[in-house]
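Take a look at the structure below.
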Amino acid sequence: MKTSLKSISISLTLIASSFLAVTPAQAAVMQPSAYYNDCGNPTFSPKTITQYCADAGAGVINIKWTTWGSTSAKGTGVYYINGCTPNCASGKDSYTKVNVLLSGLKKTHGKNYLLNVTVTPLAGKKFLWPASMKPVPTSVKWVTDFWRG
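In case it helps, the working numbering puts the sequence shown at residues 117 to 265.
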């Protein structure tokens, strides 16, 4: 059986690569550049974010991120808020399609976090807002600052 030098070289390369571990430098490159703190849980590119951790009465769901960088993240989703009428347990949510911006990079708890949230209705739209909560804002902003442990 005649074996070419090229096929031996390819075989040796494949065998050697299977034994190589990821170096710390490579692992650092694979880490997310920033996280979001959703009620004490570090998340990268979350599908939902909560505004009020105590009762989850407002937040953004169905988020699709268009960018996620070391200093900001942008996406779209659906903002919901509980109108709490007649009370919060029985209240109905209002929903609005929105743009989501995360910013305010801060290193804390051993990771980089985007702490500031700004939510605005899609172009030409307004928030669908509970009747009992006036006036209707043009944007909703909060800082995620809930930390466990």
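For glycine and all other residues, C-beta sits at the position ideal for the given N, C-alpha and C.
Because the structure is a prediction, the values reported are computed rather than measured.
Determine the DSSP secondary structure at residue i, reduced to helix, strand or coil.
i              : result
serine 161     : coil
glycine 220    : strand
isoleucine 177 : strand
valine 235     : strand
lysine 213     : strand
alanine 143    : Low confidence applies to alanine 143: its pLDDT is 41, below 50, so where it sits in the model is not reliable enough to give any reading.
threonine 182  : strand
threonine 166  : strand
leucine 230    : strand
Compare the Cα-Cα distances from residue i to each of the options and report the closest residue.
i              : options                           : result
serine 219     : Asp171, Asn178, Val259 and Cys169 : Val259
glycine 156    : Lys250, Thr234 and Lys227         : Lys227
proline 246    : Ala174, Thr182, Thr234 and Ala170 : Ala174
proline 162    : Ser206, Val233, Cys204 and Asn203 : Val233
threonine 183  : Pro237, Asn215, Ala205 and Val256 : Asn215
valine 235     : Pro251, Lys223, Phe160 and Lys257 : Lys257
asparagine 203 : Asp171, Ile177 and Asn178         : Asp171
Which two residues bound the contiguous beta strand (DSSP E) that contains residue i?
i             : result
lysine 257    : 256–259
valine 194    : 189–198
aspartate 154 : 152–154
Would you call the CB atoms of residue i and residue j closer than 9 Å?
i              : j             : result
glycine 193    : aspartate 209 : no
leucine 231    : alanine 189   : no
asparagine 248 : threonine 201 : According to the sequence displayed, residue 248 carries serine and not asparagine. It is a contact, given that the beta carbons lie within the stated cut-off.
Between residue i and chain D, is any beta-carbon pair separated by less than 9 Å?
i          : result
serine 248 : Among the protein chains of the structure shown there is no chain D, as only one such chain exists.
List the whole-angstrom C-beta distance separating residue i from residue j, where the pair is believed to meet the contact cut-off of C-beta under 8 Å.
i             : j            : result
serine 186    : leucine 221  : 7 Å
threonine 159 : tyrosine 152 : 5 Å
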